[in-house]
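K.L.:
Structure follows, in structure tokens:
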């Protein structure tokens, strides 16, 4: 009986480690898809500088020197 409990404990430990590794991989994949804090892009029809920021609710705010 004691042997069964040890085996079950080892199986649960391995399953727990696998779950943690999968969660870490999922978090890393999500992290890689997030946009960086600052990026620069050249847009042909844009006549002046523009700044795109996000408010606390992640709503984009666009400020440009010309309409």
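Residue numbers (the numbering used here): 386 to 452. Glycine is no exception: its CB is placed at the ideal position from the N, C-alpha and C atoms.
Please return the same chain residues whose Cβ sits closer than 8 Å to the Cβ of residue 446, not counting the five positions on each side in sequence.
P.N.:
Taking the first residue of the chain shown as position 1, residue 446 is located at position 61. Contacts found: 437, 438, 439 and 440.
K.L.:
One question on the structure: do residue 429 and residue 448 come within less than 8 Å of each other, judged by their Cβ atoms?
P.N.:
If you number the chain shown from 1, residue 429 lands on position 44. If you number the chain shown from 1, residue 448 lands on position 63. Contact: no.
K.L.:
To the nearest angstrom, how far is the alpha carbon of residue 393 from that of residue 404?
P.N.:
The residue given as residue 393 occupies position 8 in the chain shown. The residue given as residue 404 occupies position 19 in the chain shown. For residue 393 and residue 404, the distance between alpha carbons rounds to 16 Å.
K.L.:
Quick check on DSSP: helix, strand or coil for residue 389?
P.N.:
Position 4 of the chain shown, counting from 1, holds the residue named residue 389. Looking at residue 389 - three-state DSSP - the assignment turns out to be helix.
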